[in-house]
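So the structure is just underneath, and the comments pick up after that.
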Amino acid sequence: MNSPLSNTFQIDVTTAKESYPIYIGRGYESAVASEIADLLENGSKVAVVTDASVRVALSPFFDAALSNVPILETPAGETSKGIEQYGRVLDFFAANGLDRGGVAIAVGGGVVGDLAGFAAASWLRGIRFIQIPTTLLSMVDSSVGGKTGINIDAGKNLVGAFHQPMAVYADLDSLSSLPTREFAAGMAEVIKYGMLGDLELFEWLEERPLLDWKDDRLPAVVRRNCQTKADVVNADEKELSQSGGRALLNLGHTFGHAIENVAGYGEYLHGEAISVGFVAAAKLSQSYGYLDDAAVERVIAVLSAHGLPVRLRTPLSIERLFAAMQKDKKVRAGALRFVVMESIGSAITKDDVSLDRVERIWRDLGGID
Ligand SMILES: NC(=O)c1ccc[n+]([C@@H]2O[C@H](COP(=O)([O-])OP(=O)(O)OC[C@H]3O[C@@H](n4cnc5c(N)ncnc54)[C@H](O)[C@@H]3O)[C@@H](O)[C@H]2O)c1
């Protein structure tokens, strides 16, 4: 559907309790400024959370759209998604008098979105919030679906809440300052949607890799991804389906999280770790006879063409990878559950995957004793 904003796609995400728009386009300064003006006029207090790098990289956007509201900057990076910065955000809401009618605005990547979203979910038991995602990953993935949360020492995303935003503004021009490596990491999630449910998208990405923010196909690609995610979320908001459902979005993630964990956070960007995880998932699918050699090669080729790793960069201990997988909260009741592809473009969940089978895959990708 085209939205009232010019040059924009609008997707409506509908969950059991609410519905909200995702706007996807370019040049959203005035749209955001006018939404904020409306909120202020109606007496709502508004507070913005961003990170220090985003504030610098997108200073013209802040000047044009957010000049008359308080802004809190957190340090850039995953470590900000923890208790300390969470406390700072709550103190910031308190200092700015956000009441039940207040609105928090997250401007940044998935870290800022998850952190500010969780603060909004828990402040006064939940206030409204708006997502302005500024990385490709956050546009196609983390800003859609309402999962918010922070990390604690015991693991990533262990504390959180489902809290849907009131609107999402994905302004593709904001990607102009995003480092190439971060853009590629976001493409990993895009490729994921192709592999799990959108063969046509996968084929586009094979034919002409999408390598930068100016690409004229980008709005349509982001829109397609958000639509796929919105459809999955609409059907299974809280990931309760016994099979399939929202869990399909975890394709490659059990492998990827283990890589991030064992290599040390920061060694691989999330998108890079799950890229290796996709190859693992493809090989797992092959081991069940779903994919043939040629299909696995296609997966590897498309990831490589988008500048993503397809095997471990340095060898990692298989024992430690297994230990990390067992800790992953996506592993239900001790059994290893994975998402596999029946064919490229169609994914299913697979329970009771044996450790031997997984071990062979780790070895194949560079795991060692
Ligand atoms: N809630 C969900 O459903 C969900 C889904 C997937 C991932 N996530 C979470 O998202 C996080 C990763 O998100 P991310 O990859 O966006 O990381 P991020 O938020 O750390 O951003 C990556 C880096 O890019 C910088 N940056 C952001 N926008 C920029 C811009 N426009 N120009 C220049 N620099 C910019 C940031 O300062 C940061 O250094 C992880 O914590 C992950 O757990 C959440």
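When you read off a place in the sequence shown, starting at 1, and then add 1, the result is the number in this note's numbering.
Beta carbons are placed, not taken as given, at the ideal position from N, Cα and C, and that holds for glycine.
Here the structure is a predicted model, which means the values were calculated and not measured.
DSSP, read as helix, strand or coil, puts residue 224 in helix.
Distances from the CA of residue 169 to each of 321, 77, 288, 26 were compared; the closest alpha carbon is that of 26. Unbroken beta strand (DSSP E) stretches of 3 residues or longer found wholly inside the segment 157-233: 168-172, given in chain order. Residue 257 has its Cβ no nearer than 7 Å to any heavy atom of ligand 1.
Residue 153 sits in a strand when the DSSP states are folded into three classes. Residue 45 has its CB no nearer than 7 Å to any heavy atom of ligand 1. Runs of the beta strand (DSSP E) lying entirely within the segment 7-72 and spanning at least 3 residues, in chain order: 9-15, 20-26, 47-52. A direct Cα-Cα distance of roughly 38 Å separates residue 313 from residue 10. Nearest to residue 30 by alpha-carbon distance, out of 67, 54, 16, is 67.
Remark: the C-beta of residue 58 is in contact range of ligand 1, defined as less than 7 Å to any heavy atom. Look at residue 92: its beta carbon is at least 7 Å from all of the heavy atoms in ligand 1.
Looking at the DSSP output, residue 105 sits in a beta bridge with 48, 130. Taken through DSSP and simplified to helix, strand or coil, residue 325 comes out as helix. When C-beta atoms of the segment 287-297 are compared with those of the segment 314-324, fewer than three pairs fall below 8 Å, so the two segments do not count as touching. Residue range 254-264 is occupied by the alpha helix (DSSP H) that includes residue 261, with no beta strand (DSSP E) assigned at that position. Within the DSSP secondary-structure output, residue 273 pairs in no beta bridge. In the DSSP assignment, residue 349 forms a beta bridge with 341. Between the alpha carbons of residue 121 and residue 50 lies a gap of roughly 11 Å.
Residue 228 counts as buried, since at least 16 other C-beta atoms from the protein chains shown sit within 10 angstroms of its C-beta. Considering only 369, 88, 223, the residue with the shortest C-alpha distance to residue 75 is 88.
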